[in-house]
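Heads up: the protein sequence lines correspond to chains A and B, in order.
Note that our numbering numbers the first sequence so that position 136 is 136, with each residue one more than the last.
Just remember that our numbering sits 202 ahead of the position in the second sequence, which is counted from 1.
Notes follow once the structure below has been shown.
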Amino acid sequence: MNEAILALVPSYGLWLLLGVGVLAAIGLPLPSTLTTMAFGVFVASGDVSLWAAFGVALAAAVAGDQIGYHIGLFAGNAAEETLAKKPSRAAQIARSKALIRRWGGLSIFLSRWLLSPVGPIINILTGASDMRWLRFSLWDLAGEVVWVSLYLGLGYLFGGNIEALAALLGNASWAILGAIITALLGYRLYKTLHKIRAGADA
Amino acid sequence: MTTLRALWRDHKLLLLGFVLAALVTLMLCVRLVVLTVYFAHHRDMTLEGWMPLGYVARSYDVDPAVLKPVTGGLDGINRHSSIAEIAAKQHRPVAEVEQDILAAIQARRADK
């Protein structure tokens, strides 16, 4: 799969970077980090200009994120109309929305580059939570600038075995995500233990 | 012990979730170490037909001029030409061109 995509780079050039970028940002399992790094190598070897690669990679990522956000916006409104008829559900939805309003900006920013595996799902959730379009777009743009710079830069600097490097970095993202989830659950567990002990002492 | 039993009785899902998340994270960390070691020892990317000569030079960290002999002085071949294009123009298999490229790179590295 990875090799097949890379083999298409010389024939389709920037169009491939655009297509893979948009589809991966929507959530399709395409190797956008690897493709972007390959273009970093192409920039270094003088086959592609830096600004063309940067512009196309950024436009692709932002366009894909916008599609995800709007899918969430329309699907979310439709789903909410049905779900919110039950008062308990309505309260739950309101709580989730408040949570996204509070942490939304940061989670959008980080899920663009550091925690990129959850990027597509965050786009849909943010759209469904009615976060303002401008706020989403600005955080998204900031995060994607970091992402594109990071991967183009890594390709430019390393140039060597980008396939192994992409696998390594992808795994690192998942490991960080796993550590965050473990820490959150661990914190809840700690709180619960505290309550049980307090109850036993009383 | 009683605390753990109470936890298991009333918060089974939370406890299982935590253990599962911790195990998966541990596995990912081990994998991260393995991939890092692999990357450190496999810095060269396997040559493929689609790679232009400039890309190969960049990838193997050698001056593009090192690969000049491989092109055989043919017109229309430069560092933007891919290995497959060169093979087609020279009427020989891609694998043979790849071997020549690797030989040129090895010779250069041996010189250093």
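Every residue, glycine too, gets a C-beta built ideally from N, C-alpha and C.
Alpha-carbon to alpha-carbon, residue j and residue i
i: THR227/B; j: ILE176/A; result: 8 Å
i: TYR187/A; j: PHE220/B; result: 10 Å
i: ASN77/A; j: ILE93/A; result: 11 Å
i: ASP246/B; j: GLU144/A; result: 29 Å
i: ARG132/A; j: THR126/A; result: 9 Å
i: LEU211/A; j: ALA208/B; result: Beyond the ends of chain A as shown, which are 1 and 202, falls residue 211/A; an answer cannot be given.
i: TYR156/A; j: TRP210/B; result: 52 Å
i: LYS97/A; j: LYS214/B; result: 27 Å
i: GLY72/A; j: GLU81/A; result: 14 Å
i: TRP174/A; j: VAL9/A; result: 27 Å
i: ILE303/B; j: GLU3/A; result: 20 Å
i: LYS86/A; j: GLY105/A; result: 29 Å
i: PHE158/A; j: TYR12/A; result: 23 Å
Test item: CB-CB of residue i and residue j under 8 Å
i: ALA297/B; j: PRO271/B; result: no
i: GLY40/A; j: SER32/A; result: no
i: LEU152/A; j: ALA53/A; result: yes
i: TYR257/B; j: ASP130/A; result: no
i: ALA60/A; j: LEU17/A; result: yes
i: THR248/B; j: LEU168/A; result: no
i: ILE100/A; j: TRP139/A; result: no
Member of the options whose CA lies at the smallest distance from the CA of residue i
i: LEU30/A; options: ILE71/A, GLY170/A and HIS70/A; result: GLY170/A
i: CYS315/B; options: ALA172/A, ALA200/A, LEU184/A and THR182/A; result: As displayed, chain B neither begins before 203 nor continues past 314, which places residue 315/B out of reach and without an answer.
i: ARG311/B; options: ASP263/B, LEU218/B, VAL299/B and VAL235/B; result: ASP263/B
i: PHE136/A; options: ALA167/A, GLY68/A, LEU193/A and ILE162/A; result: GLY68/A
i: ALA24/A; options: LYS86/A, VAL43/A, LEU8/A and VAL118/A; result: VAL118/A
i: ILE124/A; options: GLY27/A, GLY55/A, ARG95/A and ILE196/A; result: GLY27/A
i: LYS314/B; options: ASP265/B, VAL235/B and ALA223/B; result: ASP265/B
Sequence-distant residues of its chain with Cβ nearer than 7 Å to residue i (five each side left out)
i: PRO254/B; result: ARG281, HIS282, SER283 and SER284
i: VAL62/A; result: ASP140, LEU141 and GLU144
Own chain residues within Cβ distance below 6 Å of residue i, not counting five before or after
i: TRP147/A; result: ARG112 and TRP113
i: ALA90/A; result: ALA84
i: PHE42/A; result: VAL48
Beta-carbon proximity list for residue i, same chain, < 8 Å, skipping 5 on both sides
i: ALA38/A; result: LEU6, VAL9, GLY155 and ILE162
What residues from the stretch 33-46 of chain A come within 7 Å of chain B, judged by C-beta to C-beta, listed N to C?
VAL41, PHE42, ALA44, SER45 and GLY46
Scan the stretch 237-257 of chain B for residues whose Cβ lies nearer than 7 Å to a Cβ of chain D and list them as they occur along the chain.
Among the protein chains in the structure shown, which are A and B, there is no chain D.
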